[in-house]
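Here's the structure, in structure tokens; my notes come after.
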Amino acid sequence: MKIIQQATYGQHDAQIHQREYLYRGFIQVEKVSLSHRLFNQTTYTPVLQRELIQRPEAAGVLIYDAAQQKFALIEQFRIGAIDDSDSPWQLEVIAGVLDGNESPESCIRREALEESGCKLQQLQHLFSFYPSAGACAELFHLYSANTTLPQEGGVFGMPDEGENIQLHIIDYQDIPDLLTNGRLKNAPVIMALQWLQQQIKTVKDV
1 MKIIQQATYG
11 QHDAQIHQRE
21 YLYRGFIQVE
31 KVSLSHRLFN
41 QTTYTPVLQR
51 ELIQRPEAAG
61 VLIYDAAQQK
71 FALIEQFRIG
81 AIDDSDSPWQ
91 LEVIAGVLDG
101 NESPESCIRR
111 EALEESGCKL
121 QQLQHLFSFY
131 PSAGACAELF
141 HLYSANTTLP
151 QEGGVFGMPD
161 EGENIQLHII
171 DYQDIPDLLT
181 NGRLKNAPVI
191 MALQWLQQQI
201 KTVKDV
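111 is the number that full-length UniProt numbering gives to position 111 of the sequence shown; each next residue is one higher, with no gaps.
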């Protein structure tokens with residue numbers, strides 16, 4: 001099987017004709033007029049109109065304790081899930097938005113302290129990806145960190161920023177149920193737990 005190691009076309013194969021801001025707040029929304037190259041052709045599409053949501057880069061981390069065979073997830077209210085038939089309170093990995101020129105690692109260490117009370121040392125980069133490239137420019141950096149977890153969860157967050165975060169300490173043995181019972185509904189936590197499940201399996205197989 002051929003492995004696709006690079007994109008068929010590059011940034012220069014998309015022509016931007018015009019872009020304007022429709023809204024500028026914590027997030028920004030742009031209206032972009034563009035054309036792009038067609039596969040197996042030398043021609044371009046007609047001029048297309050697209051709305052583009054601009055969000056800062058973000059980073060998240062799955063913190064786990066290999067000695068205790070436990071990991072931590074946070075639960076908090078999310079406006080994006082306001083219409084979810086189950087609940088707008090989502091289970092997630094610890095995450096936050098990069099502040100200015102802050103590095104993903106610095107962001108993660110800051111957020112981990114605020115949302116779990118844990119000081120992280122070694123970080124392992126897992127993936128960098130676009131959670132919703134069909135409409136949003138946000139780039140998300142996902143990490144893991146083996147650390148000493150508290151015996152119990154608690155309530156964390158920055159109240160002056162509207163944060164009210166519940167920390168859950170969960171056993172490794174609960175991973176299969178979490179991955180199949182429909183409780184997890186965002187990409188970073190699913191990817192992180194699939195990664196952790198594979199690490200556990202690899203250790204057992206050694």
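Glycine is no exception: its CB is placed at the ideal position from the N, C-alpha and C atoms.
Identity of the residue in the options nearest residue i by Cα
i	options	result
Glu163	Phe26, Lys201, Pro56 and Arg78	Arg78
Gln49	Ile74, Ile200 and Gln18	Gln18
His12	His36, Thr202, Tyr21 and Ile27	His36
Ser132	Ile170, Leu126, Tyr44 and Glu51	Glu51
Ser103	Ala81, Phe140 and Cys136	Phe140
Gly60	Leu38, Ala187, Ala81 and Glu152	Ala187
Limits of the unbroken beta strand (DSSP E) element including residue i
i	result
Gln76	Lys70 to Phe77
residue 227	With the chain covering only 1 through 206, there is no way to say anything about residue 227.
Leu22	Ala14 to Arg24
Residue i classed as buried or exposed, judged by whether at least 16 other C-beta atoms fall within 10 angstroms
i	result
Ala58	buried
Tyr143	buried
Gly154	exposed
Ile4	exposed
For residue i, three-class secondary structure by DSSP
i	result
Cys136	strand
Glu152	coil
Gly60	strand
Ala187	helix
Ile108	helix
Lys119	coil
Asp86	coil
Leu171	The residue you asked about is not Leu; residue 171 is Asp in the sequence shown. Strand at Asp171.
Neighbourhood of residue i by C-beta distance below 7 angstroms, restricted to the same chain and skipping five residues each side
i	result
Val189	Leu73, Leu91, Glu92 and Val93
Glu105	Leu123
Residues near residue i by beta carbon distance below 8 angstroms, same chain, minus five either side
i	result
Met158	Glu114
Ile27	Ile53, Gln54 and Arg55
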